[in-house]
Amino acid sequence: MDRTYFPADSESELDRRVELRTQRQHVILRQRHPADAMVVLHESALRTIVGDRKVMAAQLRHVANLSTRENIEVRVLPFRAGFPLGMPLTPFIIFQFGRDARGKLSEPTVVFAESFAGAMYFERPTEVRMYREAFGKVQLATLDPRPSRDMIREIAREHDSDR
Numbered sequence: 001m002d003r004t005y006f007p008a009d010s011e012s013e014l015d016r017r018v019e020l021r022t023q024r025q026h027v028i029l030r031q032r033h034p035a036d037a038m039v040v041l042h043e044s045a046l047r048t049i050v051g052d053r054k055v056m057a058a059q060l061r062h063v064a065n066l067s068t069r070e071n072i073e074v075r076v077l078p079f080r081a082g083f084p085l086g087m088p089l090t091p092f093i094i095f096q097f098g099r100d101a102r103g104k105l106s107e108p109t110v111v112f113a114e115s116f117a118g119a120m121y122f123e124r125p126t127e128v129r130m131y132r133e134a135f136g137k138v139q140l141a142t143l144d145p146r147p148s149r150d151m152i153r154e155i156a157r158e159h160d161s162d163r
């Protein structure tokens, strides 16, 4: 998929992207002091076939299972919610780092947004605030964690039965 999405990237750049994703997963899935993750998935991401139906069903079950972990919350933005901000959002991640012994953030909050044209990092407080506010509005339109997990599992079953 990365080769299609980033056709001009070299093999080493594509490998770097994969490595960064793997490192982010490790920080969330590690046994000792895992980072917290709050994920919003649009229903279209659950229903769009990537790979094949068998792959989709397995991936969705994996996401549903991850959402049972104490540090991971997954919410679905259903089709019926429309566009909470009046338009679709490109995917983004808000990285908020821990605090030091004095209670100060160890690093400034950073927003990472990846698009077809490349990646952008936003660090200015006004930019970070805009993304936080957008995330808050979208989150209000999502299903709660349990109904989200139920929906993810139901769509996984649909993918299984449509093979």
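Just so you know, we're using UniProt numbering here: the sequence shown kicks off at 1 and counts up by one. Glycine included, each C-beta is placed from N, C-alpha and C at the ideal position. From a predicted model like this one, the values you see are computed outputs, not experimental measurements.
Query raised in the report: What residue from P145, R129, I155, M151 has the CA that sits closest to N71's CA?
Result: Residue nearest to N71 within the set P145, R129, I155, M151 is P145 (criterion: CA-CA distance).
Report task. Using 10 angstroms around the beta-carbon of S12, count the other beta-carbons present and answer buried if the total reaches 16, otherwise exposed. Result -> By the neighbour-count definition (other C-beta atoms within 10 Å, threshold 16), S12 is an exposed residue.
Query raised in the report: Between which two residues does the alpha helix (DSSP H) containing L20 stretch?
Result: First-last of the alpha helix (DSSP H) with L20: 11-29.
Query raised in the report: In angstroms, rounded to a whole number, what distance separates the CA positions of L140 and R75?
Result: The alpha-carbon atoms of L140 and R75 are separated by roughly 10 angstroms.
Query raised in the report: DSSP on S44, reduced to helix/strand/coil?
Result: Note: S44 maps to helix in three-state DSSP.
Query raised in the report: Any contact of the region 99-113 with the region 48-66, i.e. 3+ C-beta pairs under 8 angstroms?
Result: They do not touch, by the three-pair rule.
Query raised in the report: Going by DSSP, which residues form a beta bridge with R69?
Result: The partner list for R69 (beta bridge, DSSP) is empty, contrary to what the question assumes.
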